[in-house]
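One structure below.
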Amino acid sequence: MSYKDIGRAGPLEIRTRGPPFGGLPQAQAGMKRSDSIGTIEKYWDDDAEWYEFHPNALAREGDGKFKELAMGKLLTVFLDYDGTLTPIVDEPDKAFMDDEVREAVRQCARRFPTAIISGRSRHKVSQFVQLEELYYAGSHGLDIAGPTRTSDGTPITATALAHQPAQWARDVMDRVTNDLIEKTRDIPGANIEHNMFCVSAHYRGVSDADRPRFQKIVDEIVASDECLIKHDGKMVWEVRPRVAWDKGKALSYLRDALIPDLAKKGFGSEEVFTVYVGDDVTDEDAFMEINEKLGDHLGVGVLVSHAPKVSAAKFSLRNTPEVLQFLTTLSKLADAGEVKTLPR
1 MSYKDIGRAG PLEIRTRGPP FGGLPQAQAG MKRSDSIGTI EKYWDDDAEW
51 YEFHPNALAR EGDGKFKELA MGKLLTVFLD YDGTLTPIVD EPDKAFMDDE
101 VREAVRQCAR RFPTAIISGR SRHKVSQFVQ LEELYYAGSH GLDIAGPTRT
151 SDGTPITATA LAHQPAQWAR DVMDRVTNDL IEKTRDIPGA NIEHNMFCVS
201 AHYRGVSDAD RPRFQKIVDE IVASDECLIK HDGKMVWEVR PRVAWDKGKA
251 LSYLRDALIP DLAKKGFGSE EVFTVYVGDD VTDEDAFMEI NEKLGDHLGV
301 GVLVSHAPKV SAAKFSLRNT PEVLQFLTTL SKLADAGEVK TLPR
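Here you go:
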């Protein structure tokens with residue numbers, strides 16, 4: 001399948017060909033939309049052309065730059081964790097957040113509703129981030145909760161936002177974790193991570209010779225239960241419940257829950273601009289959700305990648321240092337009055 005000559009419609013369109021934003025092939029039953037990413041052929045000839053399709057979100061020149069789209073609106077900021085706020089590390093348990101990044105996220109949360117959507121368990125990612133004023137969606141969006149404190153430190157007891165669309169999967173993932181640990185004990189470097197409503201089988205530390213055997217074990221466990229499905233990530237196989245839910249659905253759930261509250265504070269739905277920043281294939285579900293449900297005038301995806309690759313994101317950043325710079329820029333735009341902020 002090729003989308004080399006497909007253009008995008010829209011009043012702010014600056015491309016004449018490129019990826020099918022908002023129009024990726026429909027996934028088969030039980031599959032995520034992000035699975036269709038692998039079916040799209042390369043639509044750029046060189047790095048320069050890729051950046052025409054996915055301009056850097058920090059760029060100050062050129063039509064359709066981020067600032068022009070967000071101008072005059074209240075941002076809602078959604079962030080992946082691993083590979084976005086922190087670099088990918090060999091040992092997942094050591095993916096600690098830098099204090100400077102934490103402060104940048106804290107400052108964003110003072111000005112805009114801010115959420116972390118991660119494949120990690122909600123409890124684990126919140127321990128890494130250590131900010132109670134954020135919204136958290138763990139297990140690829142299968143475990144959602146609102147802030148427990150406001151930005152000024154006031155405790156919040158409301159649990160109306162809490163949502164777990166596949167509660168039955170928790171016991172299933174206990175079993176999957178135990179099976180994987182037992183069957184991969186003799187594979188050096190195999191790392192099994194229980195993420196509450198999904199399980200991550202990390203193979204970054206596994207030798208090329210052992211990876212096929214590791215993958216076969218994962219595949220056999222998934223095949224043994226029709227309620228399970230496997231997804232590929234960065235050096236990881238994700239075992240998840242076969243449900244129609246992903247990071248994109250979690251983003252929409254949170255945004256829809258925020259809109260009525262923001263309306264009480266004087267923000268109409270057309271004044272709310274959603275930004276999602278992520279680096280992995282699972283984040284493509286969020287990029288596609290924005291494209292399909294919101295469009296450029298109400299939100300954009302920002303891919304974090306040092307090299308060109310197929311993506312539904314409108315913008316890009318090259319690495320985690322640029323993510324830090326981008327978050328800092330968002331706060332500066334708010335302080336300059338160029339985007340709206342939450343009342344303090």
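For the sequence shown, the UniProt record's numbering gives the first residue as 1, with consecutive numbering after it.
Yeah, the Cβ is synthetic: ideal placement off N, Cα and C, and Gly gets one too.
Original post:
Among residues of its own chain, excluding the 5 on either side of aspartate 232, which ones have a beta-carbon nearer than 7 Å to its beta-carbon?
Top reply: Numbered from its first residue, the sequence shown carries residue 232 at position 232. Contacts found: Val281.
Original post:
Excluding the five sequence neighbours on either side, which residues of its own chain have a C-beta within less than 8 Å of the C-beta of arginine 122, listed in chain order?
Top reply: By 1-based counting over the sequence shown, the position of residue 122 is 122. If we look at arginine 122 and ignore the five residues flanking it on each side, its Cβ neighbours are Tyr136, Ala137, Gly138, Ser139, Asp143, Ile144, Ala145 and Met196.
**OP:** Tell whether a beta-carbon distance below 8 Å holds between tyrosine 81 and arginine 106.
**Re:** Counted from its first residue, the sequence shown places residue 81 at position 81. Counted from its first residue, the sequence shown places residue 106 at position 106. No, the pair does not count as a contact, with Cβ atoms beyond the cut-off.
**OP:** Identify, in the order they occur along the chain, each residue of the same chain with its Cβ nearer than 7 Å to the Cβ of glutamine 26, setting aside the five sequence neighbours on each side.
**Re:** Within the sequence shown, residue 26 is the residue found at index 26, counting from 1. Caution is warranted here: a pLDDT of 38 is assigned to glutamine 26, below 50, making its placement in the model unreliable, and the coordinate value is therefore given only provisionally. Excluding residues within five positions, none has a Cβ falling inside 7 Å.
Subject >> Limits of the beta strand (DSSP E) - the one that residue 361 falls within >> reply: No answer is possible for residue 361: the residues shown for the chain start at 1 and end at 344.
Original post:
Nearest to leucine 180 by CA position, among Arg204, Ile221, Pro188 and Tyr203, is which residue?
Top reply: Counting from one through the sequence shown, the residue named residue 180 turns up at place 180. For leucine 180, the nearest C-alpha among the options comes from Ile221.
Original post:
Secondary structure at leucine 142, three-state DSSP: helix, strand or coil?
Top reply: Stepping through the sequence shown from its first residue, residue 142 is reached at position 142. The answer is coil: DSSP assigns leucine 142 none of H, G, I, E or B.
Original post:
So the alpha helix (DSSP H) asparagine 178 belongs to, where does it begin and stop?
Top reply: As a position in the sequence shown, residue 178 is number 178, starting the count at 1. Asparagine 178 -> alpha helix (DSSP H) spans 169-183.
Original post:
Can we say the stretch 285-294 touches the stretch 309-324, given the rule of at least three CB pairs closer than 8 Å?
Top reply: yes
Subject >> Option in Pro188, Leu69 and Asp219 with minimal Cα separation from aspartate 208 >> reply: On the sequence shown, position 208 is the one that residue 208 refers to. When only C-alpha atoms are compared, the closest one is Pro188.
Original post:
For glycine 299, does the three-state DSSP call read helix, strand or coil?
Top reply: As a working mapping, residue 299 is identified with position 299 in the sequence shown. In this structure, glycine 299 counts as strand in the three-state DSSP scheme.
Original post:
By a C-beta neighbour count over all protein chains shown, 10 Å radius and 16 as the cutoff for buried, is alanine 334 buried or exposed?
Top reply: By one-based count along the sequence shown, residue 334 stands at place 334. Buried, since its Cβ has 16 or more Cβ neighbours within 10 Å.
Original post:
Buried or exposed: which applies to methionine 71, given that a residue is buried once 16 or more other Cβ atoms fall within 10 Å of its Cβ?
Top reply: In the sequence shown, residue 71 corresponds to position 71, counting from 1. Exposed, since its Cβ has fewer than 16 Cβ neighbours within 10 Å.
**OP:** Consult DSSP for threonine 154 and reduce its assignment to one of helix, strand or coil.
**Re:** Counted from its first residue, the sequence shown places residue 154 at position 154. Reduced to three states, the DSSP call for threonine 154 is coil.
Original post:
In chain order, which continuous runs of the alpha helix (DSSP H) of length 4 or greater are located wholly inside the stretch 244-274?
Top reply: 247-264
Original post:
Between which two residues does the beta strand (DSSP E) carrying glutamate 41 extend?
Top reply: Looking up residue 41 in the sequence shown gives position 41. Note, glutamate 41: premise wrong, no beta strand (DSSP E); not H, not E.
Original post:
Using 8 Å as the limit for Cβ to Cβ distance, is valine 300 near chain C?
Top reply: No chain C appears in this structure, which consists of one protein chain only.
Original post:
Between residue 349 and histidine 297, what straight-line distance do the alpha-carbon atoms span, to the nearest angstrom?
Top reply: The chain is shown only over 1 to 344; residue 349 falls outside these bounds and no answer can be derived.
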